[in-house]
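K.L.:
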Amino acid sequence: MPPTLLTLAVWGACLIVLGVVIYFFWQIIGRVGIIALPVAVAFLLTALLYPVTGRLRRVMRPIYATWLTMLLFFAVIVGIGFLIGIRANEEAPRLIDQIAKTSHEVQDWLIHGPFQVKESQITGVVDELTKQLSERRGQITGTVITGATAVIEVLAGIVLMLFVTFFFLKDGDRIWNWFLRAFGGAAPRVDRAGRSAWRTLSHYVQGTVAISAIHGVVIGATLAVLGVPLWAPIAVLVFMSSFIPIVGILFAGAVGTLVTFGSQGWLAAVIFIGVLIVEQQLENHVLQPLIVGRAVEFHPLAIILVLGVGGVIAGIAGAAVAVPVSAVIYRVLQELLRREPPAPAAAPPESPPLHPEGDEPKDRSASASQQPPTSPPLHPEGDEPEERSTPEPPGTGEAVSPQRNG
Numbered sequence: 004m005p006p007t008l009l010t011l012a013v014w015g016a017c018l019i020v021l022g023v024v025i026y027f028f029w030q031i032i033g034r035v036g037i038i039a040l041p042v043a044v045a046f047l048l049t050a051l052l053y054p055v056t057g058r059l060r061r062v063m064r065p066i067y068a069t070w071l072t073m074l075l076f077f078a079v080i081v082g083i084g085f086l087i088g089i090r091a092n093e094e095a096p097r098l099i100d101q102i103a104k105t106s107h108e109v110q111d112w113l114i115h116g117p118f119q120v121k122e123s124q125i126t127g128v129v130d131e132l133t134k135q136l137s138e139r140r141g142q143i144t145g146t147v148i149t150g151a152t153a154v155i156e157v158l159a160g161i162v163l164m165l166f167v168t169f170f171f172l173k174d175g176d177r178i179w180n181w182f183l184r185a186f187g188g189a190a191p192r193v194d195r196a197g198r199s200a201w202r203t204l205s206h207y208v209q210g211t212v213a214i215s216a217i218h219g220v221v222i223g224a225t226l227a228v229l230g231v232p233l234w235a236p237i238a239v240l241v242f243m244s245s246f247i248p249i250v251g252i253l254f255a256g257a258v259g260t261l262v263t264f265g266s267q268g269w270l271a272a273v274i275f276i277g278v279l280i281v282e283q284q285l286e287n288h289v290l291q292p293l294i295v296g297r298a299v300e301f302h303p304l305a306i307i308l309v310l311g312v313g314g315v316i317a318g319i320a321g322a323a324v325a326v327p328v329s330a331v332i333y334r335v336l337q338e339l340l341r342r343e344p345p346a347p348a349a350a351p352p353e354s355p356p357l358h359p360e361g362d363e364p365k366d367r368s369a370s371a372s373q374q375p376p377t378s379p380p381l382h383p384e385g386d387e388p389e390e391r392s393t394p395e396p397p398g399t400g401e402a403v404s405p406q407r408n409g
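Heads up: take any position in the sequence shown, counting from 1, add 3, and you land on our numbering.
(1) Please look up how many angstroms separate the CB atoms of G259 and I222, rounded, as I've assumed it's under 8 Å.
(2) Could you tell me the alpha carbon to alpha carbon distance between L21 and H288, rounded to whole angstroms?
(3) Taking a contact to mean a Cβ-Cβ separation below 8 Å, would you say L48 touches P327 in this structure?
(4) I'd like the list of long-range same chain contacts for E282, defined as Cβ closer than 6 Å, with 5 residues on each side in sequence excluded.
(5) DSSP three-state call for V208: helix, strand or coil?
(6) Helix, strand or coil for V231, going by three-state DSSP, please let me know.
(7) Are the beta-carbon atoms of I217 and L290 separated by less than 8 Å?
(8) Nearest CA to the CA of E338: which residue from P6, F28, W201?
(9) Can you name, in chain order, every residue of its own chain whose Cβ lies under 7 Å from the Cβ of A45, other than the five neighbours on each side?
(10) How big is the Cα-Cα spacing for A189 and A322?
(11) Which value, in whole angstroms, describes the spacing of the CA atoms of G219 and Q284?
(12) Please report the residue range of the alpha helix (DSSP H) in which I252 lies.
(13) Residues in its own chain within less than 7 Å of V239 by CB, not counting five upstream and five downstream?
(14) For L40, count neighbouring Cβ atoms within 10 angstroms of its own Cβ and tell me buried if that reaches 16, exposed if not.
(15) Between which two residues does the alpha helix (DSSP H) carrying P6 extend?
(16) Cα-Cα, which of F85, I80, L52, A330 is closest to A68?
(17) Hey, would you say A325 sits closer than 8 Å to G313, going by beta carbons?
(18) Going by other Cβ atoms of all chains shown within 10 Å of its Cβ, with 16 needed for buried, is Q267 buried or exposed?
(19) Just to confirm, are A50 and L204 a CB contact at a threshold of 8 Å?
(20) Go ahead and pull the three-state DSSP assignment for M63.
(21) Does the Cβ-Cβ distance between V241 and A255 come in under 8 Å?
(22) Given a threshold of 16 other Cβ atoms within 10 Å of its Cβ, counted over all protein chains shown, does F28 qualify as buried or as exposed?
(23) Output needed for E286: all residues of its chain with C-beta closer than 7 Å, excluding positions within five of it in sequence on either side, in chain order.
(24) Taking C-alpha atoms, which residue in F77, P65, I332, Q30 lies nearest to D174?
(25) Looking only at its own chain, which residues have a Cβ that is under 8 Å from the Cβ of P379, when we skip the five neighbours before and after it?
(26) Given this structure, state the Cα-to-Cα distance separating Y207 from F85, to the nearest angstrom.
(27) Is the beta carbon of V273 closer than 8 Å to that of V231?
(28) Would you decide whether W234 is buried or exposed? Buried here means 16 or more other CB atoms lie within 10 Å of its CB.
(29) Report the option in G277, L336, I247 whose CA atom is closest to the CA atom of I307.
(30) Could you compute how far the alpha carbon of A16 sits from the alpha carbon of A317?
(31) Among I332, L340, L229, R192, which residue has its Cα nearest to the Cα of A271?
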């Protein structure tokens, strides 16, 4: 058999076995998805909050540092939710009135503008939409009931995520040491791979949160200056959507553009689109290289493919975690497949001189005889010479006399 064909056959067999293992592993994850997804989110949340816990551990016990970190996290979430609720309660009625006014202006422009659309055609489109909604009322009701079940599952997942995050922050090092015991002699390599993966995940999550916060602040400030209602909820939507690379910011930007156009007209929408494009270019060429750096060394085409695969397999949640999971797997494989460094050479029997280059004495016996009397002896305990003031030169049993040197 040709060597090339034999090599391809062995590789094919290995890939088939690996594919079967991955398939069954994925089936197991699908069965326990309600547990697997909260644990995955807990990993991401731990990577985000662990720097805070690490700093607090320097001044207090780990349990207190963990509780304080969780309380700070809850305070931030509640504050953002309170701000969104207040803004939505105040500005929702005004937004509805402005959207109704803009829709009438668009309808008037379609009728009397360059397109010369007949009013009956517009009325027919509106009636058709109303008819479709009425016919599918039963499906909508079933979807609402299914959505209520999903809400219960989401709440249970959130509770589980918070518990897992708490114990990861408190006992993460102990859990990792317990996990390494199962690998025996391979534990050092697994430990190296795990720590590399954790650094990659931490850099990615912290950098992505920083970039998402910049997106949210810039978009929120732009909408507030333009006088767009519900600018705070849209800013939070931009922040959350930025965790999905490329696709998320496009979705949030489209929502912001529609709301801006419906409330402030086409000029404000054009200004918002311009700000969004400039900010996206700054992210691609400045923020991502500086903040995220080399944490994820993926080409944009690879990111698009990874997002597509994650979205097909697990929907929005899969697209959100596809890039960090792929980066972690890449780092783990890179460390596991890396060859072990060569063992250091054995030390020579005679230690090198302790003198800098160029200052080494020519006569080693003379240099040994000039050692200070306070240097520690090189003899084992119990065999020390009685008189330390006149140490013998190494390699001889008697003192060196000037006549012999002569």
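Positions of the beta carbon are idealized from the N, C-alpha and C atoms, including for glycine.
This structure is a prediction, so every number in the text was calculated from the model and none was measured.
P.N.:
In short, the structure shows the following:
(1) Separation of the CB atoms of G259 and I222 is rounded to 6 Å, and the pair is thereby assigned contact status at 8 Å.
(2) 38 Å
(3) Not in contact: L48 and P327 (Cβ atoms no closer than 8 Å).
(4) V221
(5) helix
(6) coil
(7) yes
(8) W201
(9) M164, V167, T168, F171
(10) The straight-line gap separating the alpha-carbon atoms of A189 and A322 is approximately 33 Å.
(11) 15 Å
(12) 250-267
(13) I83, I87, G219
(14) Answer is buried; the Cβ neighbour count reaches 16.
(15) 6-34
(16) For the residues F85, I80, L52, A330, the minimum Cα distance to A68 belongs to L52.
(17) Yes. Within cutoff.
(18) Label assigned to Q267: buried.
(19) yes
(20) coil
(21) yes
(22) exposed
(23) I214
(24) With distances taken between Cα atoms, D174 lies closest to P65.
(25) Unreliable placement is indicated for P379, whose pLDDT of 46 sits below 50; the coordinate value is still reported in the next sentence. Counting only Cβ-Cβ distances below 8 Å, and skipping sequence neighbours, we find nothing.
(26) Between the C-alpha atoms of Y207 and F85 there is a straight-line separation of about 28 Å.
(27) no
(28) buried
(29) Its Cα nearest to that of I307, the residue I247 stands out among G277, L336, I247.
(30) 28 Å
(31) L229
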